[in-house]
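Notes follow the structure.
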Amino acid sequence: MAVDKDTVARIAKLARIRIPEEQQEALTGELTEILNWVEQLSELDTEGVEPMTSVVAMSLPQRQDVVTDGNCADKVLKNAPEGAHGFFAVPKVVE
Amino acid sequence: MSKLTHLSLTEARDGLAKGDFSARELTQAHVEAVEACRSLNAFITETPEQALSGADASDERRRKGEAGVLEGIPLAIKDLFCTQDVLTTAGSHILDGFQPQYESTVSANLWAAGAVMLGKTNLDEFAMGSSNMTSYYGGVENPWRRSGSNEPLVPGGSSGGSAAAVAARCALGATGTDTGGSIRQPAAFCGIVGMKPTYGRCSRWGTVAFASSLDQAGPMTRTVRDAAIMLRGMAGHDPKDSTSVDTPVPDYEAAMTGDVRGLKVGIPKEYRIDGTPAEIDAVWKQGIEWLKAAGAEMVDISLPHTKYALPTYYIIAPAEASSNLARYDGVRYGLRVPGETLDDMYEATRGEGFGAEVKRRILIGAYVLSAGYYDAYYNKARRIRTLIANDFKAAYEKVDVVLTPTAPSAAFGMGDKMDDPVAMYLNDVFTVPASLAGLPGISVPAGLSGEGLPLGLQLLGQPFEEGTLMKVAEVLETAAEFDALPQIIS
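Keeping their order, the protein sequence lines are chains A and B. FYI, the numbering for the first sequence is 1 to 95, going by this note's numbering. FYI, the numbering for the second sequence is 1001 to 1490, going by this note's numbering.
Listed below in structure tokens is the structure:
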């Protein structure tokens, strides 16, 4: 499976990673090489095999739906690059 | 004081208990060793003040008769574990300045058991790598060199700083994390013991996530008994991690009886791979002879889907990583690169904050999860993962443990394989299958290569049979008599 430069640009957009034009070429080659290498999986017949969901045989635990922590807005915001009035601040999204 | 750094964790524990030295003295010696080995770049952050005040508090607890299982033991922590108010980087530019306001469960367990933190160790960025070369903070040098050579070598990865720190006698033990081999491969490259426990044995809470269905924390130490003691201090059920298993943590040392008579050891034929260096094969044969001599029985087994494990891993792990790493968006922590719009800001921050290997994996992950490819790649890989796990299940009906080499080579040069991602991925060929199956594995130093570099043997076990692995690993360790020292301290 070969990916082209447009595909790389598309998935980079999906992943919200800016890839400068001059790096897209190299990345196209690397991703193609990796995808060609994983292509060998298609030779295996997996008809009727269940996809793995949990590697350990256990059922997910349940817990009471109660608040166990909170009231620590200062801690939550401590590492924010930009905060204002007790909130995270981001560039304007609504005109 | 320098001699204190050459004790094993077990000897240090016993010496502290007898009052031969204090936690303060033991910690001071290790703080000095950390400083003396700065050329290795094994630590991203050193915490000497925290170490010494922690040691004083430990001595105080011991006076009061409140000693824990790791009381007064100085440890290094992989910089993937969140440590409260101490810079936590995951080896990435994108976590610039991040000071967690909480403590990971694994490190909290270690402190509750009495251990002392020396600092945070270097690693491949977001634990993605097998050389430690992808760290934003630079590569780590392996304390070992080839005989007669000064070429710096990699310590392996991703827990490269932890492995180098333990091998160079900077710490009595270190935490690692293992997603596809990130504890076992660097342990083999640096001549130490490294164990990846069963998935679910250690809590993942507060550990920076890479691939959540695979990530597992474990101990890196210089002896098997040290690993047994340290794992006991790390493991345990944690309600904050829903995949953490609610079964008691046994005293792993108690399982180490030295008696492996009648134990069945599987030798998988698929692990004999063309092109593997003869000395890797030789150390494997040697391991077989050692266990036979101790009374264990060798059984030829087949794990037929082994060759598909690596490509399966390189779909599943990037898919999970692309989801997990979506949180680094320049809003809540770490780096922000300004942009006109919110999307501009996201793209600029992530473009600048992630290194090349992390970007490759996020893009692969986004691709295999994208519309039209999800079934062909991601679901296909999850089906093959089931087949790989079934291989092991069938094998464990016939055998108790499996013996293999840990890595297909000894440590390589810094900068080697960097231009070929797939060649780098092949480092994990022997470790990835058990990761996909969630099984415990341990690497034990077994000998030296012709060039004087450490080589490791890997034992794989049944779920939650870490004690059995420790027992067999100690028999290998005793037979191997591995007492060579890396050049930096010999």
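Note that the Cβ used here is the ideal one computed from N, Cα and C, for glycine as well.
8 Å Cβ cutoff met for residue i and residue j
i, j, result
"M1230(B)", "L1009(B)", "yes"
"T1047(B)", "V1106(B)", "no"
"T1406(B)", "L1448(B)", "no"
"G1176(B)", "D1124(B)", "no"
"C1190(B)", "G1156(B)", "yes"
"L1016(B)", "E1071(B)", "yes"
"D1178(B)", "S1435(B)", "yes"
"P1219(B)", "G1173(B)", "yes"
"A1228(B)", "M1470(B)", "yes"
"M1418(B)", "M1117(B)", "no"
"Q1028(B)", "L1007(B)", "no"
"I1192(B)", "R1225(B)", "no"
"G1452(B)", "R1146(B)", "yes"
"E1103(B)", "G1206(B)", "yes"
"I1183(B)", "F1354(B)", "no"
Best match in the options for proximity to residue i [C-alpha to C-alpha]
i, options, result
"R1396(B)", "A1376(B), A1437(B), P1277(B), A1407(B)", "Here residue 1396(B) is Tyr; the residue named in the question, Arg, does not match the sequence. Ranking A1376(B), A1437(B), P1277(B), A1407(B) by Cα distance to Y1396(B) puts A1437(B) first."
"A1168(B)", "R1361(B), M1418(B), F1043(B), E1071(B)", "F1043(B)"
"G1467(B)", "T1134(B), S1213(B), P1250(B), R1336(B)", "P1250(B)"
"S1212(B)", "L1263(B), P1318(B), V1337(B)", "P1318(B)"
"P1463(B)", "V1154(B), Y1199(B), L1007(B), S1130(B)", "Y1199(B)"
"D1215(B)", "A1381(B), V1224(B), S1203(B)", "S1203(B)"
"R1232(B)", "G1068(B), M1133(B), L1426(B)", "G1068(B)"
"V1337(B)", "L1426(B), E1451(B), A1348(B)", "A1348(B)"
"K1398(B)", "S1302(B), L1172(B), Y1328(B)", "S1302(B)"
"K1307(B)", "S42(A), V94(A), I17(A)", "S42(A)"
"G1287(B)", "A1480(B), N1109(B), S1370(B), D1178(B)", "A1480(B)"
"A1112(B)", "E1066(B), E1032(B), G1355(B)", "E1066(B)"
"V1368(B)", "T68(A), V38(A), A73(A)", "V38(A)"
"V1140(B)", "N1150(B), G1160(B), M1128(B), P1440(B)", "G1160(B)"
"Y1314(B)", "G1372(B), E1151(B), G1181(B)", "G1181(B)"
"A84(A)", "G1173(B), A1366(B), V1331(B)", "V1331(B)"
"A1255(B)", "S1409(B), V1472(B), N1324(B)", "V1472(B)"
"L1291(B)", "E1049(B), D1226(B), T1478(B), G1206(B)", "T1478(B)"
"E50(A)", "N1390(B), T1386(B), I1489(B), G1413(B)", "T1386(B)"
"K1269(B)", "V1299(B), T1247(B), V1245(B)", "V1299(B)"
"P20(A)", "A1423(B), L1310(B), D1420(B), K1359(B)", "K1359(B)"
"S1162(B)", "N1150(B), G1194(B), R1146(B), Y1137(B)", "G1194(B)"
"P1304(B)", "I1267(B), G1206(B), S1022(B), R1062(B)", "I1267(B)"
"Y1328(B)", "V1265(B), D1096(B), E1279(B), E1357(B)", "D1096(B)"
"L1459(B)", "T1312(B), V1265(B), A1296(B), P1486(B)", "V1265(B)"
"V1402(B)", "I1384(B), P1433(B), D1375(B), Y1378(B)", "P1433(B)"
"A1115(B)", "S1058(B), G1450(B), D1400(B)", "S1058(B)"
Integer-rounded CB distance, given that residue j should sit under 8 Å from residue i
i, j, result
"P1074(B)", "Q1084(B)", "That belief does not hold up - the Cβ atoms of P1074(B) and Q1084(B) are roughly 18 Å apart, past 8 Å."
"F1098(B)", "F1210(B)", "Not really, about 16 Å apart at Cβ, beyond 8 Å."
"Q24(A)", "A2(A)", "Incorrect: roughly 14 Å between the Cβ atoms, too far for contact."
"L1342(B)", "P91(A)", "5 Å"
"L14(A)", "A1381(B)", "So it is not a contact: roughly 19 Å between Cβ atoms."
"P1454(B)", "P1440(B)", "P1454(B) to P1440(B), Cβ: 22 Å. No contact."
"W1284(B)", "T1121(B)", "That pair is no contact at about 29 Å."
"A1321(B)", "R1361(B)", "5 Å"
"A80(A)", "Y1333(B)", "7 Å"
Interface partners of residue i on chain B, CB under 8 Å
i, result
"K78(A)", "Q1099, Q1101"
"V56(A)", "T1198, Y1199, G1200, T1243, V1245, G1438, P1463"
"K5(A)", "Here the premise fails: no neighbours, minimum Cβ distance about 13 Å."
"E25(A)", "The premise fails here: E25(A) is roughly 14 Å from chain B at the closest Cβ pair, so nothing lies under 8 Å."
Cross-chain neighbours of residue i in chain A, by beta carbon under 7 Å
i, result
"V1347(B)", "Looking at the sequence itself, residue 1347(B) is Glu, so the reference to Val does not match. Under the 7 Å cutoff, chain A gives R16, I17, R18."
"N1427(B)", "Near N1427(B) there are no residues of chain A at all, since even the closest Cβ is about 14 Å away, more than 7 Å."
"I1073(B)", "Here the premise fails: no neighbours, minimum Cβ distance about 29 Å."
"K1380(B)", "L41, T46"
"V1422(B)", "E33, I34, W37"
"I1315(B)", "V38"
Partners in chain A for residue i, counting only beta-carbon separations shorter than 9 Å
i, result
"T1341(B)", "P91, K92, V93"
"F1354(B)", "I17"
"S1135(B)", "In chain order: nothing, as chain A lies at least about 19 Å away."
Within chain B, partners of residue i - CB distance below 9 Å
i, result
"Q40(A)", "K1307, Y1308, P1311"
Listed by chain order, chain B residues near residue i by CB distance under 7 Å
i, result
"E22(A)", "In chain order: nothing, as chain B lies at least about 13 Å away."
"A49(A)", "Just to set this straight, residue 49(A) is Val in the shown sequence, not Ala. Near V49(A) (Cβ distances below 7 Å), the residues of chain B are R1383, T1386, L1387."
"F88(A)", "V1331, R1332"
"A12(A)", "L1363"
CB contact check: residue i to chain E, cutoff 8 Å
i, result
"T1386(B)", "Included in the structure are the protein chains A and B, with no chain E among them."
Residues that residue i contacts on chain A, provided the C-beta gap is smaller than 8 Å
i, result
"R1350(B)", "A15, R16, I17, R18"
"P1239(B)", "P61, R63"
"S1322(B)", "A15"
"R1336(B)", "P81, E82"
Positions along the segment 1357-1369 of chain B whose CB lies within less than 7 Å of some CB in chain A
K1359, R1360, I1362, L1363, I1364, A1366, Y1367
At a Cβ cut of 9 Å, what residues of the segment 1198-1228 of chain B count as close to chain A, listed as they run along the chain?
Per Cβ criterion, the list reads T1198, Y1199, G1200, S1213, L1214.
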